[in-house]
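Some notes on the structure that comes next.
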Amino acid sequence: MRALTKVFSSGIFAAARGSRGVQRGMLVTGLILTAFFVLMALLAPLIAPYGFAQLQIGKTYFGSQQPPSAKHLLGTTVGGMDVLSRVLWGSQTALLVIIFAVAMSIFAGVILGLVSGYFGGWLDRVLVVVADAVFAFPSLLLAIAMSIVISGGRSGLFSGILATSASITAVYIPQYFRVIRAEALRCKTEAFVESARVIGASHVRIMFQHIYKNSTRTLPLIMTLNASEAILTLAGLGFLGFGIDPTMGAEWGYDLNRSVADVSAGIWWTSVFPGLAIVLVVLGITLVGESLNDLADPRLRSRGAANLDEQEIAEVVPNA
Amino acid sequence: MPKPVLDIQNLQVAFATDKGTVNAVKGVNLQVQPGEILAVVGESGSGKSVTARSVLELLPETAVTKGAIYLNGTDVLTMTPEQLRTVRGKDAAMVFQEPSTALNPVYTVGWQIIEGLRAHTPKGEKFDKAAARMRAIEILGQVGIPNPEERVDYFPHQFSGGQKQRVVIACALVLEPKLILADEPTTALDVTVQAEILDLLRACRDNLGASVLIITHNMGVVADLADRVAVMYQGQLIEEAPVVELFSQPREDYTKRLLAAVPRIGQRPTNPVVAASVPVAVSAQGLEVTYPGRFGASGHRAVDGVSFEIREGEVLGLVGESGSGKTTIGRAMVGLARATGGSLSVLGVSAVRAKAKAFKSIAREVGFVFQDPASSFNPQLSIGAAIAEPMLVHGIAKSVEAARPAVEKLLSDVQLPIEYFDRFPHELSGGQRQRASLARALALRPKLVIADEPTSALDVSVQARVLELFAELQKEYGFACLFITHDLAVVDQVASRVMVMHRGKIVEHGPTRDVLTAPKDDYTKRLVSSSPIADPVAQRSRRKSS
Chain A
743 MRALTKVFSS GIFAAARGSR GVQRGMLVTG LILTAFFVLM ALLAPLIAPY
793 GFAQLQIGKT YFGSQQPPSA KHLLGTTVGG MDVLSRVLWG SQTALLVIIF
843 AVAMSIFAGV ILGLVSGYFG GWLDRVLVVV ADAVFAFPSL LLAIAMSIVI
893 SGGRSGLFSG ILATSASITA VYIPQYFRVI RAEALRCKTE AFVESARVIG
943 ASHVRIMFQH IYKNSTRTLP LIMTLNASEA ILTLAGLGFL GFGIDPTMGA
993 EWGYDLNRSV ADVSAGIWWT SVFPGLAIVL VVLGITLVGE SLNDLADPRL
1043 RSRGAANLDE QEIAEVVPNA
Chain B
11 MPKPVLDIQN LQVAFATDKG TVNAVKGVNL QVQPGEILAV VGESGSGKSV
61 TARSVLELLP ETAVTKGAIY LNGTDVLTMT PEQLRTVRGK DAAMVFQEPS
111 TALNPVYTVG WQIIEGLRAH TPKGEKFDKA AARMRAIEIL GQVGIPNPEE
161 RVDYFPHQFS GGQKQRVVIA CALVLEPKLI LADEPTTALD VTVQAEILDL
211 LRACRDNLGA SVLIITHNMG VVADLADRVA VMYQGQLIEE APVVELFSQP
261 REDYTKRLLA AVPRIGQRPT NPVVAASVPV AVSAQGLEVT YPGRFGASGH
311 RAVDGVSFEI REGEVLGLVG ESGSGKTTIG RAMVGLARAT GGSLSVLGVS
361 AVRAKAKAFK SIAREVGFVF QDPASSFNPQ LSIGAAIAEP MLVHGIAKSV
411 EAARPAVEKL LSDVQLPIEY FDRFPHELSG GQRQRASLAR ALALRPKLVI
461 ADEPTSALDV SVQARVLELF AELQKEYGFA CLFITHDLAV VDQVASRVMV
511 MHRGKIVEHG PTRDVLTAPK DDYTKRLVSS SPIADPVAQR SRRKSS
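Residue numbers (the numbering used here), protein chains in the order written: chain A, 743 to 1062; chain B, 11 to 556.
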């Protein structure tokens, strides 16, 4: 995992330094949105005016569907909870789900992909068929089935997060699996892998020292794209009523579900803010992922025009 | 004096890269006269390909060009894309290095030849399909494709490598351009095929009157084909002379060094043959390697009944063209290919139908040097870690750091600075990487080294130094070696005995100098006579006599 975070962070910073123009704008916007989201999640206990399930101060109830006011900056929901606090606490739930989901799917996916691609044979064929079968499933349906199996459909904060992450994991393992398997297949015919075989290196050493290290280049991209999809799945589960109990944790999808009836009644604040939160976080993470993808590919990366009068920076490598 | 077909004036080309601007061509002046064959030579990175490609504006988007390129009197660099399109193919045509990628595999060769005609049909004029087809058949016949009426409808994969290059040349010739730009047209081909393609290019000039600008790094090709030679070095044109003069009286030091580095048969004293009393390190009797066929189809027998011996401390050369099975023999000796029949004993271990375990036991004693230094190093590991790997795998050192002293000794043995320990493969040049590759192969002081085309990806001057180093190390370490190459002059330098392989069989073997100077087998004779000599006078007289 440490190696992974290293790959990820060094990739992002190198990319940010090497980028320019529109690509840089996309990457920086994405990074700002994502950083804002992470900060919001970490600082939720400090900056949220109320608890996520708080209905009253002392004996005074907030009241249901109150418009934005000095007391409730973003108003209150139909259930009588503070919208601002729900949105802030919701970011914490979302972040936890992302971390669990990405961590679980990346470990399983990478190991299965390496083994499958490197050894091949019947194991590879079975795993590929299973991965394809999971791909063919509608992911939300699979997530619903998983959450029913794991927690009976509704649950507390931790088991809810676990159930959602597990269901997202099940859907995303095949993506990591496929990418890593393809990379392993490419690497295993490279001369440096043959050279390790001639040296007498063991399979485990070849897989992790040689193949794994050369297969991680697309991981940051899939990680970001999966993180944004994980939020969408979480929100979808919540919206359909398979998420986290509102008294156990704040969750944007659930709030959206509860605000459906408000929209036609002209009560806009209950739906707009959780919705906006989902859109901005997904946009931020997707922007990071997409611009990383463009920057990682030399053919898509934009550069400044070459200047003929400029002094030569990269001298021709002298021959040995 | 007639007007030159191509007149390049003060051409400058720069590329935008991640590390800033790289000037690839720095003010080149070059003329090609009508009916002339001009060879541009230089090492990789000297800017020779970039110069040729800028004539047709075939540079990547990151390139910026300055100067002027007059093609039949008009400047290519100031043309609109539409004008450029009419010039491409008609005034100058390109022949690429790799014929198998220059042709589109899903169209027939006839279609691809006709495409040029179709693209250059004037607007409003009806394209005559039947006439175009006749023209395609005619041009295929001219480039020496037998039975063109039938083969015009064949797909590229139905042709051999040399025939594919003929088709590529046919595509270039179909609009009767005044200039043919050939970028390393024979580098991907075997020598016997190379000789035919060079004859064809010469015929293009003699019979069709086209000028040829040929880019090559092979001095033998230059001696064989060129009228005039331009030498490029680090983006500049440093010398230009008629071919005989350049070879006999080179002016620039760089040209002299370049010519001196070209290996020639008989240039060095013969390597003494190892006495028959020395114990045998490797012996093969009737060795067979068959690659399994697909879905019950019969397999491909890459090595067919080969017998040989390598004695301790002996260097055995193995030469042959691509597909002859020479690399397969080397791979079978270390378990990368599966020996399926006969017997093969490597340092006392039988390698026929052997399990992976058997090879592990000899892995300590065997080193392997791969052809392509760019891909044989894990890009994520430092050079030091890569060289230390055999020591880690065999438990001689606990960590890369613990192996540092031994690795530094190896680095100095292969004449690399010890600071290279912490560098990464992409920071080294090809020659430096190949030295590091030698160091890795020698890390455990092996009794046997298998070198699979170790110098064919290198420039000649680099090759010369790596070969010298190899010979020194072989004397010092005293390992037995199977040296696989397609270059006869290279094998003459390093090996005491040589085997010539053709279609999976050994057709001739014996002391190197005897085989190369007085070949007995017909195939060996053809191989020796097809390799051009890097001397225009000798090569010309040889061509006349054959």
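For each residue, glycine too, the CB sits at the ideal point set by N, CA and C.
The DSSP assignment places complete alpha helix (DSSP H) segments of no fewer than 4 residues inside the segment 309-381 of chain B at 336-344 and 366-373, in order along the chain. Separation of the CB atoms of S221 of chain B and P12 of chain B is rounded to 11 Å, and the pair is thereby denied contact status at 8 Å. Fully contained in the segment 490-515 of chain B are the following beta strand (DSSP E) runs of length 3 or more, in chain order: 490-495 and 507-512.
Assignment of M144 of chain B by DSSP, reduced to helix, strand and coil, places it in the helix class.
Between V74 of chain B and A24 of chain B, the beta carbon gap of about 5 Å places them in contact (Cβ cut-off 8 Å). Note on the segment 856-888 of chain A: whole alpha helix (DSSP H) runs with a minimum of 4 residues are 863-878, in chain order. At a cut-off of 8 Å between beta-carbon atoms, S409 of chain B makes no contact with chain A.
The criterion of a C-beta distance shorter than 8 Å is satisfied by I922 of chain A and G859 of chain A. By the neighbour-count criterion, in which 16 or more other beta carbons inside 10 Å mark a residue as buried, H519 of chain B falls on the buried side. Ranking B:M89, B:I320 and B:E159 by CA distance to the CA of A286 of chain B puts B:I320 first. In the assembly as shown, E331 of chain B is a buried residue. Its beta-carbon has 16 or more other beta-carbons within 10 Å.
Taken through DSSP and simplified to helix, strand or coil, S541 of chain B comes out as coil.
Close to chain A, meaning a Cβ-Cβ distance shorter than 7 Å, are the following residues of the segment 432-449 of chain B: S439, G441, Q442 and R445.
Contact between T465 of chain B and N281 of chain B does not hold, since their C-beta atoms are separated by about 17 Å, which reaches or exceeds 8 Å. Pairing L66 of chain B with R95 of chain B gives a Cβ-Cβ distance that is not under 8 Å.
Note on the segment 391-466 of chain B: whole beta strand (DSSP E) runs with a minimum of 3 residues are 458-462, in chain order.
In chain A, no part has a C-beta under 9 Å from the C-beta of R348 of chain B; the shortest such distance is about 13 Å.
At a Cβ-Cβ threshold of 8 Å, V325 of chain B and Q444 of chain B do not count as neighbours. A distance below 6 Å between beta-carbons, with the five flanking residues on each side excluded, links V459 of chain B to the following residues of its chain, in chain order: G377, A451, F489 and C491. Look at the segment 380-397 of chain B: the residues with a C-beta under 7 Å from a C-beta of chain A are F380, D382, S385, S386, F387, N388, P389 and Q390.
Beyond the five residues adjoining it in sequence on each side, S957 of chain A comes within less than 7 Å, by CB distance, of I922, E925, A926 and C929 in the same chain, given in chain order.
For the segment 942-965 of chain A, residues whose beta-carbon sits nearer than 8 Å to a beta-carbon of chain B comprise G942, A943, S944, R947, Q951, H952, K955 and N956. The C-alpha of R348 of chain B lies about 17 Å from the C-alpha of G358 of chain B. Interface with chain B (8 Å Cβ-Cβ cutoff): V940 of chain A is included. Separation of L391 of chain B and A938 of chain A (C-alpha to C-alpha, rounded to the nearest whole angstrom) is 12 Å. Here Y918 of chain A is buried, its C-beta having at least 16 other C-beta atoms within 10 Å. The Cβ atoms of V232 of chain B and V253 of chain B lie closer than 8 Å to each other. Chain-order list of chain A residues neighbouring H404 of chain B: G942, by C-beta distance under 7 Å. Straight-line measurement puts the Cα of E298 of chain B at about 30 Å from the Cα of Q173 of chain B. Counting of Cβ neighbours within 10 angstroms places D432 of chain B among the exposed residues, the total staying below 16. Think of a sphere of 9 Å around the beta carbon of F861 of chain A: no beta carbon from chain B falls inside it, the nearest being about 13 Å out. Look at S1033 of chain A: its C-beta is not under 8 Å from any C-beta on chain B. By DSSP's assignment, E250 of chain B forms a beta bridge with B:A240. In the structure shown, F25 of chain B falls within a strand segment according to DSSP collapsed to helix, strand and coil. By the rule that beta-carbons nearer than 8 Å mark a contact, A933 of chain A touches chain B.
Contact with chain A is absent for E250 of chain B, since none of that chain's Cβ atoms lies less than 8 Å from the residue's Cβ.
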